[in-house]
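As given, the protein sequences belong to chains A and B, one line each in that order.
Add 2 to a position in the first sequence, counting from 1, and you land on the number used in this note's numbering.
Add 15 to a position in the second sequence, counting from 1, and you land on the number used in this note's numbering.
Each residue gets a CB set at the ideal place from its N, CA and C atoms; glycine is no exception.
For clarity, every value in this text was computed on a predicted model and none was experimentally measured.
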Amino acid sequence: MEINEKTRAGKHLTELLVKTYTDIHTRAAAGAFVVWGAIIVPAEIFAGFDNVVFCAPESHAAVCAAKGVGAAQCLKAEALGYSMDLCSYARIDIGCFSDGGKESPTMGLPRPHLLVSNTNNCSLLVKWFDVHRRDMDIPHFILDVPFCYGPQQEKDRDYILTQFGDLIQTVEQLSGQKFDRDRFYEAAAHTASASMDWKRFMACAEHRPSGITVFDSFVQMAPFLIARGTPELAAHYKILADETEANVKAGIFPVPDEKYRLLWDNIAPWHQLRKMSTRLAAMGANIVAAPYTSCIGAVEGSYDLLSFEENDDPLWYLARVQNHSVCPMGMDLRLSSMGPVIEKLGIDGVVFASNRSCKVFSVMQMDEQRRVREQYGIPCVMIDVDHADVRKFSQENVYVRLEALLESIEAKRAV
Amino acid sequence: MEMETPLQAMARLKAGPRPVIGCLPLYPPLELIHGMGLTPVVLWGLSDAVPQVPDADRHLQNYVCSVARRLAQFVIRDGKDLIDGLFFYNAGDTLRNLPEILREGRALAGASPLPLFRMHVPMTSPAQADSSGYLKQEIEALIRSFEKQYGVTFSETRFAESVFLYRRMRSLCLQLEQAVAEGRMGFADFCRTLMAANFLEVSEQIALLASTLDGIGPPSATDDASVRVVVSGILPPPPAFCEMMDQAGFVVAGNDLAFMHRSYAHAPETWADAADYYVKFYKSHFPCSTLLFSSDRRVDAIIDRVRQAGAKGFVFVGEKFCEYEYFDFPYLEKRLRDQGVAVLAVEISMDDTVGMETFRTRLEAFKEVIDGGGRNGNK
């Protein structure tokens, strides 16, 4: 199920995205303090201020790619000297900024007062934001999150918490605004509520046939990246989960003739969502989930939601989930979070999308693939993609491999 | 002096009494490891020791940089019996994924499991809250890990002795670098010597560097045709490239190579204890694209270096797929050109073992640009 004008959640998503980007520009023009942050930076902190706007360049780059203007933006960055080997999100963002957001579906992003990168998803985000720091001569706050090879350690959480406090002080000093803990608490509660409904939506994949495709979850993930901490986010995911559950009850499925239930490992190939979902559906294949989207609200190595009530301090909660997003954890943890998804959803095969623009996600997939085969006895395939640069995507090569995966599943069933 | 190959040198170290700790990436706490009776070897610059990477290619995609692929090949197969442990810190997204990949690779290759030691070096910017306390905890935890694994003990006295040795080694590197800048030593010989030294124990490094320094002659007669440049990148260029630079009449008046100047340029003069030493070590480290907190200082430090060296040109030798360098380069290039410094950028990849002659034309053309005082070469 893609963004579909006929579904309430699809319509609501479009309205929410338009409203959010419009608000960003409007409030920035009216004098709001603007933060550009990496997507895992806890945006709820900024919601604790009276007039701070949070923008996510990664998400904006994904929107550009999904709307078909990613490669054009990449070209602008390459013309400035940035290597084609660099992450396509970064190239899109740098290219887009270079001409003030021309060709951007959202008119770009308003000029920031503060950059907040982090090292958990990928430390190259710091290098990318440094490009902007130099261009705009504005402060750059680096949220340094230690990588997890095992459960997040208390010393690391304390380190993260100290940095959260420092970030709050930094915003207070730069914006002249006072941090309001109650407002922040409300924001964290909105996110926690949204996460619960997100899990309800994701659970619709357990049904056979699945109530969702991974492409739905990729698209519907957008508000989590740009509207975190808002009541609108919580409201949207409630609409999404309610409607999807109702569809399942009513027997409405995105791939009614679902013969193959697949798992996707990596970020979405934003430029291929419609094409890929359509072509796979025609083959009776449904990619029903991806760790990238199922990890929201969980801790490293887990599929299950971390309860917000577990600790009353929202800063603690946000620090605890800083390693949630697949990339900031090692192979053992990744596999331990992938396992329950494979078992719970009855996955027939796994598509490891080797993503040239996201080494941190992709480097280790070759061993993961082998271990998933050994541990779960299901066929796997590795395909080459780039999440946002369509020039690095060879459609027919990918489908040859996907077809081979489906044949392997059939062969296994025949035994 | 006949130099050992990296594999020969490491085999000899392995046969010695001290456990050998393979370290990555480039700025590990060498003094600490050495002071605890272990021998640290930075597993970098393995191109001669590991020309092919068939085992690594079972674990790493071909868009991973050659440094990581060769390192993986070394740990999984070619040098699997030459190290007793591996130390990692967090510089590089590919590298942070490597510990478990290497563990898997060794298991598949039938090699024994290796103890892994890790440390997180804070990457917060200097303008942020002080993260010294966290780093001190990390250093103390690392000491406990080594003690537990190898039955060794830490002492501040032995640590100080090791600091002295490494300071001497770094000082000799700087003197050799100066000899190259004065035209007393070719850049190719300099790189060859430092690459060989990398795989030695620090006392041996000192002996090799000191004897090399003793063996070089006075400055050659001033050659008006020579052109002074600074070379930058992660690794030294391949030997053939270095020789072409020498032959073309370039004098490498300084370098900004991560493997070389960035590694040996600075170490603390005073410290309270080992933890304090490393707080100072990283805080005031020569800026590197991989040390995220040093970003603010990096471009100015390089420009200062170019100016002090009297260089007219800057040769950037990019390691294919090393994004850290490539994010910085466009701005660095612009700033250098604004200063009237000519810039040549080349890229070296895993497969560039043949066809190096194509670089000769580029180097010669670059020299002509500078000689001619062209657009970017105001001689």
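Interface residues of chain A facing residue i [CB-CB closer than 7 Å]
| i | result |
| --- | --- |
| Ser310/B | Asp132 |
| His135/B | Pro148 |
| Glu348/B | Gly83 |
| Tyr149/B | Tyr161 |
First through last residue of the alpha helix (DSSP H) which encompasses residue i
| i | result |
| --- | --- |
| Ala360/B | Not the alpha helix (DSSP H): Ala360/B falls in the beta strand (DSSP E), residues 357-363. |
| Asp395/B | Nothing about residue 395/B can be reported from this structure: the residues present for chain B run from 16 to 394 only. |
| Val392/A | That residue, Val392/A, is in no alpha helix (DSSP H); it is neither H nor E in DSSP. |
| Pro55/B | Per DSSP, Pro55/B belongs to no alpha helix (DSSP H); it is in the beta strand (DSSP E), 54-57. |
| Val36/A | Premise fails: Val36/A lies in the beta strand (DSSP E), 35-39, not in any alpha helix (DSSP H). |
| Phe169/B | It is not in any alpha helix (DSSP H) - Phe169/B carries neither H nor E in the DSSP assignment. |
| Lys346/A | 333-347 |
| Gln75/A | 72-81 |
| His49/B | 45-50 |
| Ala32/A | Segment: none, Ala32/A is in no alpha helix (DSSP H) and carries neither H nor E. |
Under 8 Å from the C-beta of residue i: neighbouring residues of chain B
| i | result |
| --- | --- |
| Lys129/A | Ser304, Leu307, Ser310, Glu338, Tyr339, Phe342, Asp343 |
| Leu126/A | Asp108, Glu338, Tyr339, Phe342 |
| Thr121/A | Asn105, Met138, Leu307 |
Residue i, DSSP secondary structure in three states
| i | result |
| --- | --- |
| Trp266/A | strand |
| Phe265/B | strand |
| Ala284/A | helix |
| Met384/A | strand |
| Pro211/A | coil |
| Gly167/A | helix |
| Ala26/B | helix |
| Cys38/B | strand |
| His135/B | coil |
| Lys394/B | Since pLDDT at Lys394/B reaches only 43, below the 50 mark, its modelled position is unreliable, and no value is offered. |
| Asn270/B | strand |
| Phe424/B | Only positions 16 to 394 of chain B appear in this structure, which leaves residue 424/B out of reach. |
| Gln397/A | helix |
| Leu117/A | strand |
| Phe56/A | strand |
| Gly100/B | strand |
| Phe200/B | First, the amino acid is wrong: residue 200/B is Met here, not Phe. Three-state result, Met200/B: coil. |
| Glu334/B | strand |
| Cys98/A | helix |
| Cys150/A | strand |
| Trp286/B | coil |
Chain-ordered neighbours of residue i on chain B, where CB pairs are closer than 7 Å
| i | result |
| --- | --- |
| Lys78/A | Near Lys78/A there are no residues of chain B at all, since even the closest Cβ is about 12 Å away, more than 7 Å. |
| Asp369/A | His74, Ile116, Glu119 |
| Arg375/A | Neighbours of Arg375/A on chain B: none; closest Cβ ~13 Å, over 7 Å. |
| Arg136/A | Tyr346 |
N- and C-terminal bounds of the beta strand (DSSP E) containing residue i
| i | result |
| --- | --- |
| Ala287/A | 287-291 |
| Val245/B | 242-248 |
| Ala352/A | In the sequence under discussion, the amino acid at residue 352/A is Val, which differs from the Ala named in the question. Residues 351-357. |
| Ser160/B | Counting along the chain, Ser160/B falls outside any beta strand (DSSP E), though it belongs to the alpha helix (DSSP H) covering 147-165. |
| Gly303/A | Careful: Gly303/A lies outside any beta strand (DSSP E) and carries neither H nor E. |
| Ile144/A | 142-145 |
Chain-ordered neighbours of residue i on chain A, where CB pairs are closer than 8 Å
| i | result |
| --- | --- |
| Val79/B | Lys361, Val365 |
| Gln152/B | Lys157 |
Neighbouring residues, chain B, relative to residue i (Cβ below 9 Å)
| i | result |
| --- | --- |
| Arg263/A | Within 9 Å Cβ-Cβ: nothing; Arg263/A doesn't reach chain B, min ~26 Å. |
| Ser356/A | Gln76, Tyr78 |
Cβ distance (whole Å) where residue i is taken to contact residue j below 8 Å
| i | j | result |
| --- | --- | --- |
| Ala144/B | Gln165/A | 7 Å |
| Phe48/A | Gln179/A | With 8 Å as the limit, Phe48/A and Gln179/A do not qualify as a contact, their Cβ atoms being about 10 Å apart. |
| Glu216/B | Leu28/B | 6 Å |
| His454/B | His276/B | With chain B covering 16 to 394 only, the question about residue 454/B has no answer from this structure. |
| Ala83/B | Leu41/B | Not quite, the Cβ-Cβ distance comes to about 13 Å (not below 8 Å), so this is no contact. |
| Val321/B | Phe329/B | 6 Å |
| Phe149/A | Arg159/B | Not confirmed; about 20 Å, so no contact. |
| Leu265/A | Ile144/A | 33 Å between Cβ atoms; not a contact. |
| Phe203/A | Ser279/A | With 8 Å as the limit, Phe203/A and Ser279/A do not qualify as a contact, their Cβ atoms being about 17 Å apart. |
Beta-carbon neighbours of residue i, restricted to chain A and to distances below 9 Å
| i | result |
| --- | --- |
| Ala142/B | Pro141, His142, Phe143, Thr172 |
query: Quick one, which residues of the segment 142-169 of chain A are near chain B if we go by CB-CB under 9 Å, in chain order?
result: From the segment 142-169 of chain A, only His142, Phe143, Ile144, Leu145, Asp146, Pro148, Phe149, Tyr151, Lys157, Asp158, Asp160, Tyr161, Thr164, Gln165, Gly167, Asp168, Leu169 have a Cβ closer than 9 Å to chain B.
- request: Name, going along the chain, the residues of the segment 319-353 of chain A whose beta-carbon falls closer than 7 Å to a beta-carbon of chain B.
  value: For the segment 319-353 of chain A, the set of positions with a beta-carbon nearer than 7 Å to some beta-carbon of chain B reads Gly332, Met333, Asp334 in chain order.
message: At a CB distance below 8 Å, what residues from the segment 366-380 of chain B approach chain A? Give them in sequence order.
response: Against chain A - using a Cβ distance shorter than 8 Å - the segment 366-380 of chain B contributes no residues.
- request: Select from the segment 85-96 of chain A all residues with a C-beta closer than 8 Å to any C-beta belonging to chain B, and list them in chain order.
  value: Close to chain B, meaning a Cβ-Cβ distance shorter than 8 Å, are the following residues of the segment 85-96 of chain A: Ser85, Asp87, Leu88, Cys89, Ala92.
message: Taking beta-carbon pairs under 7 Å, can you tell me which members of the segment 158-173 of chain B lie near chain A?
response: Flagged: no residues at all.
field: Interface positions of the segment 100-128 of chain B facing chain A (Cβ-Cβ less than 9 Å), listed along the chain
entry: Flagged, chain order: Asn105, Ala106, Gly107, Asp108, Thr109, Arg111, Asn112, Leu113, Pro114, Glu115, Ile116, Arg118, Glu119, Gly120, Leu123.
- request: Below 8 Å between beta carbons is the criterion; list the residues of the segment 383-401 of chain A that meet it against any residue of chain B, in chain order.
  value: So the list is empty, because no residue satisfies the distance condition.
field: Against chain A: residues of the segment 38-53 of chain B by CB proximity under 9 Å
entry: Answer in chain order: no residues at all.
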